[in-house]
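Report on one structure; see the data block that follows.
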Amino acid sequence: MQTSNNYYLNNPLIHKDRQLAKSNSEWVRSFSCKDLKPLIICRGPIRKEAMDVFDEMGINGYGILLSEKDSITYTNALAPELRTLTDPDRVHRVPDYTGATKEERNKRIQQIIRIAHDNGYNAIFAGYGFMSEDADMVEAMEKAGLNFIGPCSFTQKSAGMKDQAKRTALETGVSVTPGVNNATSLALFAKYGKDGLEACAKDNNLNVDFANCKDDEEKALALLAASYEAGIDIIDAADIGAALQVEAKRMLAEKPNNRFRLKAIAGGGGKGQRILQSANSYEGASLEEKVEKAAENVPSLVLECLIELKTNGVGDNKNVLIEMNIDTTRHQEIQVVGNGEWCMTMGGRDCSLQMHEQKLLEVSVTEEELVAAIAVAEAEGKEGELAQLKKDLVILQKMEEEGAIFGQAVKLDSVGTFECIVDGEAHYFMEMNTRIQVEHRVTELCYKLKFTNPDDPSDFFIVESLVEVMALLARHGKRLPKPERIVREKTSVEARMNATNQALQPHAGGIIENWSNAIPGEIRDDQGISTHNPDTDVFMKYHLAGAYDSNIALLLTTGETRMDSYQRLAEILRRTELRGKDLATNLEFHYGLVHWFIGNGINARPSTRFIVPYLTLVGLLKEQANQLDLDYAYGEIRQRYLDENSDQAAEWAAVLDAKKLLFTRPLERLFAEPHYMSGWLSINKKALQMTDNGVQWLENPILLLDRLYHYLNMDYETGKPARYMIWDHDAEILSDAVSFYKALEEKLATQDFTAIEQAIAGDAPQGISSEEWASVRSAHAGYMAGTELLAILAHIASTTGFFDLAVQPDLSIDIPERLTDDALQKRMAKVLVPPPVAKSDEILAASGGMFYPREAPGMDVFVNEGDHFEAGDTLYIVEVMKMFNKVVAPFSGTIEKVLIDGDGVIIKKGQPLFKVNPDEKIEVVTPEQIAAERRAATDGFLKHIA
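Residue numbering for the sequence shown follows my numbering, starting at 278 and increasing by one per position.
In structure tokens:
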């Protein structure tokens, strides 16, 4: 059946016949994977992708795990994959995917093994997340005779744990971030002494071969390993926190202006990480005092890292790294592939556009793209850009070389990611992710792999999917010859579509009621949400589960150049229509961000600290827009025309009244969606100038207005709901105006609007009669009437200093200091997403999620009834989509009643949590006062266009 979403189902960029068994070549057929029968134990976009790839490879009979947590927490949040996998015998329900504690995790591993054995599965696919990098799980699968489709347990232990990975990197000559990676050893030495390790082993009945250890560090590691094996704690989180506190004091004193990062070794995707602020960010009479204040936080930060990863149980490896946080860094990663004997790389990805360690937009970094960009910069004489691009090419080549060396050292026998931070001309290894990455398609769209018969160069097969590569490596391993990488597309880009609000805060539990079909060139990895009802071809509603991370889908596209790929992504985002109940996503954010780069410099090199200042600037746009009154402004502009043309007041009133909504509707949309405003301003910053003499249009405002309707996806379309498009009578007025100016441009042989205005102000050009020219001038005046209102956008940009956030000639981005102010950032987040309106005597939930009144089980609650709290004190923790967020008091007061009882209670946004008695009564501003303030602010704009 040909369905309306046929492109989504059969996108040639990601779907193809992958059955090697059909080949005419015996050698190629020998690499068939039809005898694999995997159990897929992950969720999210990668689960559906794996199902598709396995089907295309002829791998039949695979099964999936399905957590009961989804439908219990959020009713009807059924996995969309079940729309295509309809055999109930291949769907295996478990309470959750990992278990909350080490004991539960071990039970889940054994349960997975039982499911596999009982149902004839011979392989395990873990994708990304959950237990994909759990060396113990992988080892258990191997011992159970199951083929793990991913790096083996040796690689997981050598590279997956951050401390061991850094040791391996140092041994192989790979540059690493300065820091301390042996906190558990230091804690052991502090507690027992270096001479007391053997006594510790004896007291705890641990069998440790100290004789084969070459130094104290190896002895400590061997003792710790034995304790993990025995499931006992010889040191705890407090010991590790104390040991790291000592190291932190030393590092803070040496680098008082630097922040430092604490990372639990099993963390990933930003989880299990915390930032330790610099010493100089604290008040103090001396450096020593500032260092003490900064280091006070280390033990609690260590505990937070471990709790977030649920690795604070007895017998867990609780090692936490501390390393210098390079605030100007760019985050880049190299895709690595190996079979245990050979190892190769497939280019890089820039993941610098992230917030709170969560990646948002990922861009391909390849030699081919950089070489092409270098040629363009050289031809255009952009010396600063040229120098930076050349540096980037050298850095990429070095990272790829080191990635291959490191992969070889850890015997990588699948896919992995060599993650680095780039600072100026230097780069540092952070970690290796021993799994497939969320953003892996960015790479596979740029490169494919050609496997060639060593005995016959004409005998080969091509692989375009990294999931397919993983299956091939798991099934055939060392038989696979080292492949050649071949260019597919020059560039690619991926936007992560998340369930977050305008301030990029998680927003769980919404219902998607409709999602427009994917367009040509769009790759939509959405877990199968866009799979229509097979009988009616109708989109099926989907309830977003709140028990997991906020990602809904991955939106990708490709291009000949980076600009080409960004413009294609912008068009995908423009045409995406997503509607539902209580639904919030970051689509608007992505649309604005992509246009910011298109308008400011597509090759800009943002650091990982870019997004929060950018969001703060968008908040300033919203704050300024909230202070302006469009109806009042248009009314005042209208009155000016009537006053200046009193003899034709009725005619001018009719003209301006007919056009009011033509101007105000798209502006209201921009005012309501500040991310859209950011994008529009970025690509039109040269459209006009605000001068002392008023507005000087450098581009025709009518043509700008026409483009604005298109930018907002409000073009007139037959059958489209009126609320989502330009109204028919407005479309007619605008169409007539556009046609008029297109004809005038042709007559005057110029598209320069300044030249057109000068011509209109003068005598009739040759070939045009005076009467005709008078009609032209009259029509021009009529069409221009009211366009002054469009200048309100330039006024907002000027008032907020929007264009101060700018790309420099060397591609760095100049972030104004004011945008890094923590208080301003927090205030603008509230402007973007106003907190629920509360009574003066209560505190409401700022978001839905799971409520925790304490830092960790067994610890005291943050506040009890009768406690006094200060503004900024932590009141509770809310877990939203796997992110734990401390919620602080917005004002000072006293807790009169706690309205939520228990840990892990599900709460909804706006739900009362505490009854309080504030120290100061909140002053209520009346609607009349607000209206007067908006008119006064709008008068400031009107003065500029007088």
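From the three backbone atoms N, C-alpha and C, an ideal C-beta is built for every residue, glycine too.
Here's a check: name, in chain order, each residue in its chain whose Cβ is nearer than 7 Å to the Cβ of residue 426, leaving out the five neighbours to either side. 315, 400, 401, 402, 747, 748, 751
Specify the secondary structure class of residue 869 as computed by DSSP and reduced to three states. helix
On the DSSP bridge list, what partners appear for residue 631? 636
Run through DSSP, which three-state label would residue 543 get? strand
Start and end residues, alpha helix (DSSP H) containing residue 943: 926–949
State the Cα-Cα distance for the pair residue 759 and residue 619, rounded to the nearest angstrom. 6 Å
Presumed contact (8 Å Cβ cut-off) between residue 409 and residue 712, rounded CB distance: 4 Å
Is the beta carbon of residue 319 closer than 7 Å to that of residue 376? no
When the Cα of residue 897 is compared with those of 1070, 782, 856, which residue comes out closest? 1070
Contained alpha helix (DSSP H) runs [length at least 4] in the stretch 894–928, N- to C-terminal order: 907–921
In the stretch 543–618, which residue ranges form an unbroken alpha helix (DSSP H) of at least 4 residues, counting only runs that do not cross its ends? 564–572, 575–586
Hey, would you say residue 571 sits closer than 7 Å to residue 556, going by beta carbons? yes
Reducing DSSP to helix, strand and coil, say where residue 370 ends up. strand
Could you check where the alpha helix (DSSP H) with residue 978 kicks off and where it finishes? 978–988
Would you mind reading off the limits of the alpha helix (DSSP H) that contains residue 380? 379–395
Across the stretch 781–790 and the stretch 853–873, are there enough close Cβ pairs to call them in contact, namely three or more that are closer than 8 Å? yes
Given a cut-off of 7 Å, decide if residue 943 and residue 989 are closer than it, judged by their beta-carbon atoms. yes
Residue range of the unbroken alpha helix (DSSP H) whose run includes residue 1075: 1069–1077
Buried or exposed, going by whether 16 or more other CB atoms sit within 10 Å of the CB of residue 608? buried
Residue 704: which of 1221, 452, 1116 sits nearest, CA to CA? 452
What is the DSSP secondary structure of residue 975, reduced to helix, strand or coil? coil
With H, G and I counted as helix, E and B as strand and the rest as coil, what does DSSP make of residue 351? Only weak support is given to the placement of residue 351: the predicted model assigns it a pLDDT of 46, under 50, and the value that follows is read from those uncertain coordinates. Residue 351 falls in the coil class under three-state DSSP.
Run of the alpha helix (DSSP H) containing residue 1008, from where it starts to where it stops: 1005–1025
Measuring CA to CA, which of 960, 1142, 862, 724 is closest to residue 775? 862
In whole angstroms, what is the alpha-carbon distance linking residue 797 and residue 1200? 54 Å
Are the Cβ atoms of residue 1140 and residue 1172 separated by less than 7 Å? yes
State the Cα-Cα distance for the pair residue 535 and residue 529, rounded to the nearest angstrom. 7 Å
Could you tell me which uninterrupted beta strand (DSSP E) segments, each at least 3 residues in length, are contained entirely in the stretch 788–832, listed from first to last along the chain? 788–792, 800–802
Provide the residue(s) that pair with residue 623 in DSSP beta bridges, ordered along the chain. Note: residue 623 sits in no beta bridge, so no partner.
Three-state secondary structure (DSSP) of residue 665: helix
Output the distance between the C-alpha atoms of residue 565 and residue 471, rounded to the nearest integer angstrom. 29 Å
Cutting at 7 Å between CB atoms, please list the residues of its own chain near residue 1097, excluding the five before and the five after it. 890
Would you give the residue range spanned by the beta strand (DSSP E) that residue 340 belongs to? 340–344
May I ask you to report which of helix, strand or coil DSSP gives residue 783? strand
Helix, strand or coil, according to DSSP, for residue 406 in the structure here? coil
What alpha helix (DSSP H) runs, 4 residues minimum, are completely inside the stretch 474–542? 474–480, 493–507, 514–531
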